[in-house]
Amino acid sequence: MDFLVQGFLTAIELLMSGDAETFSAVYATLAVSAYSLAATLVIGLPLGFCLGYFDFRIKKQVRVVVDTMLSLPTVFIGLLVYAFFTNRGPLGEWGLLFTLPGIAVGLTILALPIVIALSATAVESMDRQLRVALMSLGANRRQIFLSTLWEARLSILAATLTAYGRVMTEVGIAMMVGGNIKWQTRTITTAIALETNKGEFAMGIALGLVLLLIAFGVNASVSTLRKRY
Amino acid sequence: MAASLYSIVNLSHVYRNQPVLKIDRLEIPPGAIVGVIGPNGSGKSTFLKLTGFVEKPSGGEIRYKGKAALPFAPEVRHRVTLMPQEPFLMKRTVMNNVAYGLKIRKDLNDVQLRVHTALSWVGLDPKDFAKRPSFALSGGEAQRVALAARLILRPEVLLLDEPTASIDALSAQLIKDATLKARSEWGTTLIIASHDWQWLYGVCDRVVHLIRGRLMGSGRENIVFGPWARGADGIWSKTLSDGQRVLVQEPPEPHSAAVIDQALITSAEHPTEGGRDRVRLTGLITRLALEKASGEIVGSVLVGNLPFTASLTENEVHTKGLYPGRQVHLFYDMNSVRWF
């Protein structure tokens, strides 16, 4: 039990002293999760809205594919992205292997099905009367689209949070595509894995606590936003 | 005669390959109050959605002021508004819900004042309600807010789908008053589907009866749904909950609906003699309503579990004592029964 207690004490010490290595991992984590979440929302929200809102011939089949993608193993995504970005791969010349943007690409692939599936469900489960009500008040198609999106805002926010939690705590993609390079691509999760392998439990627990603190900060901010709107 | 506001020609609508509405012709003049009555599933809501231009008909044409119009058409989008049966309010404050229509029209002059006026029309105190979130409203209040959101637009046509169903009596009365005020102040045409036929007969210039998606006249027809069975006496009939039989000539199909246009009410103490084809039923008068357009009194008689309606004159009501609660006889001619 001593090493757990020691871990908490070390965590506090690392954070209070502004340990450069720890904060490098925190920066890398925040950077890749921010890049990937931004890309995911830009691509995933419109696709999720369309999937939930419109009826088309192969809608059910598309839904099955998206739902299946929810279970994509992160190691498999890491392998695919690695294969594309390695020097011999089709996108090797982009030079994204072992970089933060490279990790972000992998995390975007991981988060996209989450945002698409959950926002599609959010829009689908909106009251069918919404469209009738908006049309009867004189809304045109664009106004119906924007108002529906606004009405589903809380569910879409929940989808975003779920995706954020997934990318921030991911380890397989970050390890394979990023290479866990100290000061460069070492994220909190890959650092925890490394420190645990080295038997440095205190450092691992400290980094885990930092991850929890970030998660708490994000959720608290979102909760405040929800109350305001 | 004024040109029609609505001209409906060969209108038909289909849901999942099932025909739900078929209207050959219907004209609605501007400023009219038209009531639509009919049992559940008769096509009332579909009729309102189509004439409210929130749904495209499967076939036929709805002309508005002489021009064929469809959903989102500019000539109807800001002029015709429908209040659905379920008062859908957005997850916003009452103020933002009521002001929504103005905002999307970019009509932003005195929005707050206009919202307050609209809320006052439906009996809601603006100071108390304007800032409330929509989820903090009762069913009746939500219905009134939904109506205020439409009244603020000063529509040319206001369509109301069961506006007083499942709300409290005060809310229902306030909704009725506000809609009639819109008609008297702005000449708004009202098309109202409701089970409250007493109200409809009282305020409407015309009441139409929808049965299985088809127009059946003025609403005073009695519709008796099958199944019909041939009795031991060889006569086709439907047995009511109290054992009385509605006798008819042989129906086209056992599940056809019978239409009894004219039924005659007389007091049980002074029965009129029945002829060979004259059927007599006994029931209780449940309601009397004055029809605004004709000045006639419309009586509702409950026979077993089946309500019948019949026209009465004021003199008949007084001399025969045909008041609610009285047991009466109802007569109709078997040969005059139409099939649907």
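From first to last, the protein sequence lines are chains V and F. Counting along the first sequence from 1, when you hit position 63 you're at 230 in our numbering, and nothing is skipped either side. Counting along the second sequence from 1, when you hit position 218 you're at 220 in our numbering, and nothing is skipped either side. We treat Cβ as the ideally placed atom computed from N, Cα and C, and that holds for glycine. Please read all numbers here as calculations on a predicted model, not as lab measurements.
Q: Measure the Cβ-Cβ separation of V:F252 and V:L263 and say whether it is below 8 angstroms.
A: Taking the first residue of the first sequence as 1, we reach residue 252 of chain V at position 85. Taking the first residue of the first sequence as 1, we reach residue 263 of chain V at position 96. Yes, the pair counts as a contact, with Cβ atoms nearer than the cut-off.
Q. In whole angstroms, what separates the C-alpha of F:G141 from that of V:L208?
A. By 1-based counting over the second sequence, the position of residue 141 of chain F is 139. By 1-based counting over the first sequence, the position of residue 208 of chain V is 41. Near 36 angstroms, if we compare the C-alpha coordinates of V:L208 and F:G141.
Q) How big is the Cα-Cα spacing for F:P73 and F:L149? A) Counted from its first residue, the second sequence places residue 73 of chain F at position 71. Counted from its first residue, the second sequence places residue 149 of chain F at position 147. Roughly 21 angstroms between the two C-alpha positions.
Q: Could you tell me whether the Cβ atoms of F:L266 and F:A295 are closer together than 8 angstroms?
A: The count along the second sequence starts at 1 and reaches residue 266 of chain F at position 264. The count along the second sequence starts at 1 and reaches residue 295 of chain F at position 293. In this structure, F:A295 does not lie closer than 8 angstroms to F:L266 by Cβ.
(Q) Going residue by residue through the region 15-80 of chain F, where are the continuous beta strand (DSSP E) segments of at least 3 residues, counting only ones entirely within it? (A) 20-30, 35-39 and 61-66
Q | Near-chain F residues of the region 217-251 of chain V - C-beta to any C-beta below 9 angstroms | A | none
Q. Given 8 angstroms as the limit, is there contact between the region 4-17 of chain F and the region 218-232 of chain V, that is, 3 or more CB pairs closer than that?
A. Segments in contact, no.
Q. Under a Cβ-count criterion, where at least 16 other Cβ atoms within 10 Å of its own Cβ denotes burial, should V:G174 be classed as buried or exposed?
A. The sequence position of residue 174 of chain V within the first sequence is 7, counting from 1. Buried, since its Cβ has 16 or more Cβ neighbours within 10 Å.
**Q.** Test: V:V299 CB closer than 8 angstroms to a CB of chain F
**A.** Here residue 299 of chain V refers to the residue found at position 132 when the first sequence is read from its first residue. V:V299 counts as touching chain F.
Q: Please work out which residues of its chain come closer than 6 angstroms, Cβ to Cβ, to F:K51, disregarding the five sequence neighbours upstream and downstream, and give them in chain order.
A: In the second sequence, counting from the first residue as 1, residue 51 of chain F sits at position 49. Around F:K51: E57.
Q. Thinking C-alpha only, which one of V:W317, V:I283 and V:L378 is nearest V:P213?
A. Here the question's residue 213 of chain V lines up with position 46 in the first sequence. Among V:W317, V:I283 and V:L378, the Cα nearest to that of V:P213 belongs to V:I283.
Q) Just to check, is the beta-carbon of F:L126 closer than 7 angstroms to a non-hydrogen atom of the ligand FAD? A) By its list of ligands, the structure shown contains no ligand whatsoever, and the ligand FAD lies outside what it can speak to.
**Q.** Contact under 8 angstroms by Cβ, V:M302 with V:T196
**A.** Along the first sequence, one-based indexing puts residue 302 of chain V at 135. Along the first sequence, one-based indexing puts residue 196 of chain V at 29. No, the pair does not count as a contact, with Cβ atoms beyond the cut-off.
Q | Amino acids of chain V, ordered along the chain, whose beta-carbon sits closer than 9 angstroms to that of F:P73 | A | The residue given as residue 73 of chain F occupies position 71 in the second sequence. Under the 9 angstroms cutoff, chain V gives M302.
Q.
Using beta carbons (cut-off 8 angstroms, strictly below), is V:E318 in contact with chain F?
A. Start at 1 with the first residue of the first sequence, and residue 318 of chain V comes out as number 151. Cβ-Cβ to chain F under 8 angstroms: yes for V:E318.
Q: State yes or no: is the beta carbon of F:A151 nearer than 8 angstroms to at least one beta carbon in chain V?
A: As a first step, residue 151 of chain F is located in the second sequence; it is residue number 149 there, counting from the start. Chain V, which has a Cβ nearer than 8 angstroms to the Cβ of F:A151, makes this yes.
Q. Taking only beta-carbon atoms, is V:N447 less than 8 angstroms away from chain F?
A. Because chain V here runs from 168 to 396, residue 447 of chain V falls outside it and cannot be looked at.
Q: Just tell me which of F:E223, F:R280, F:Q246 and F:L91 has its CA closest to the CA of F:A260.
A: Mapped onto the second sequence, residue 260 of chain F falls at position 258. The shortest CA-to-CA distance from F:A260 to any of F:E223, F:R280, F:Q246 and F:L91 is the one to F:E223.
Q | Interface residues of chain F facing V:Q351 [CB-CB closer than 8 angstroms] | A | As a working note, residue 351 of chain V is residue 184 in the first sequence. Under the 8 angstroms cutoff, chain F gives no residues; its nearest Cβ is about 45 angstroms from V:Q351.
Q.
Run through the DSSP bridge pairs and tell me what F:N224 is partnered with.
A. The residue given as residue 224 of chain F occupies position 222 in the second sequence. Bridge partners of F:N224: F:I262.
**Q.** Short Cβ contact (8 angstroms threshold) for V:V389 with V:L324
**A.** Here residue 389 of chain V refers to the residue found at position 222 of the first sequence. Here residue 324 of chain V refers to the residue found at position 157 of the first sequence. Taking 8 angstroms as the Cβ cut-off, V:V389 and V:L324 qualify as a contacting pair.
**Q.** Below-8 angstroms beta-carbon distance, F:V56 vs any chain V residue
**A.** Locating residue 56 of chain F in the second sequence gives position 54, counting from the first residue. Interface residue, yes.
Q. Measuring CA to CA, which of F:F55, F:W201 and F:V100 is closest to F:V82?
A. As a first step, residue 82 of chain F is located in the second sequence; it is residue number 80 there, counting from the start. Considering only alpha carbons, the answer is F:F55.
Q: For the region 200-220 of chain F and the region 31-43 of chain F, state whether three or more C-beta atom pairs, one from each stretch, are separated by less than 8 angstroms.
A: yes
Q) With 16 other CB atoms within 10 Å as the buried threshold, where does F:R232 fall? A) Against the second sequence, residue 232 of chain F aligns to sequence position 230. Burial call: exposed.
Q.
Suppose you measure from the CA of V:A330 to the CA of V:L392; what does that come to, to the nearest Å?
A. Translated into the one-based positions of the first sequence, residue 330 of chain V becomes position 163. Translated into the one-based positions of the first sequence, residue 392 of chain V becomes position 225. Their Cα atoms are separated by approximately 18 angstroms.
Q. If you follow the beta strand (DSSP E) that F:W238 is part of, which residue opens it and which one closes it?
A. For the purposes of this step, residue 238 of chain F is taken as the residue at position 236 of the second sequence. Per DSSP, F:W238 belongs to the beta strand (DSSP E) from W238 to T241.
Q) Between which two residues does the alpha helix (DSSP H) harbouring F:Y325 extend? A) Residue numbering aside, residue 325 of chain F sits at position 323 when the second sequence is read from its first letter. No alpha helix (DSSP H) contains F:Y325, which DSSP labels as neither H nor E.
Q: Write down the C-beta distance between F:R146 and F:M85 rounded to the nearest angstrom, noting that I regard them as a contact closer than 8 angstroms.
A: Here residue 146 of chain F refers to the residue found at position 144 of the second sequence. Here residue 85 of chain F refers to the residue found at position 83 of the second sequence. Actually they do not touch by this definition, with Cβ atoms about 10 angstroms apart.
Q. Which one of V:V231, V:A341 and V:G185 has the shortest CA to CA distance from V:T288?
A. Here residue 288 of chain V is taken as the residue at index 121 of the first sequence, counted from 1. Among V:V231, V:A341 and V:G185, the Cα nearest to that of V:T288 is on V:V231.
Q) What residue range is occupied by the uninterrupted beta strand (DSSP E) comprising F:P309? A) Within the second sequence, numbered from 1, the residue matching residue 309 of chain F stands at position 307. For F:P309, the uninterrupted beta strand (DSSP E) run begins and ends at L308 to L314, by DSSP.
Q) In the DSSP assignment, what are the bridge partners of F:F333? A) Translated into positions along the second sequence, residue 333 of chain F becomes position 331. DSSP, once it has assigned bridges, lists F:L266 and F:R282 as partnering F:F333.
Q. Between F:P59 and the rest of its own chain, which residues show a CB-CB distance below 6 angstroms, the 5 nearest in sequence each way excluded?
A. Walking along the second sequence from the start, residue 59 of chain F turns up at place 57. Excluding positions up to five away in sequence, the list reads L13, H15 and L52.
Q: For F:P165, name the three-state secondary structure that DSSP assigns.
A: Counted from its first residue, the second sequence places residue 165 of chain F at position 163. Three-state result, F:P165: coil.
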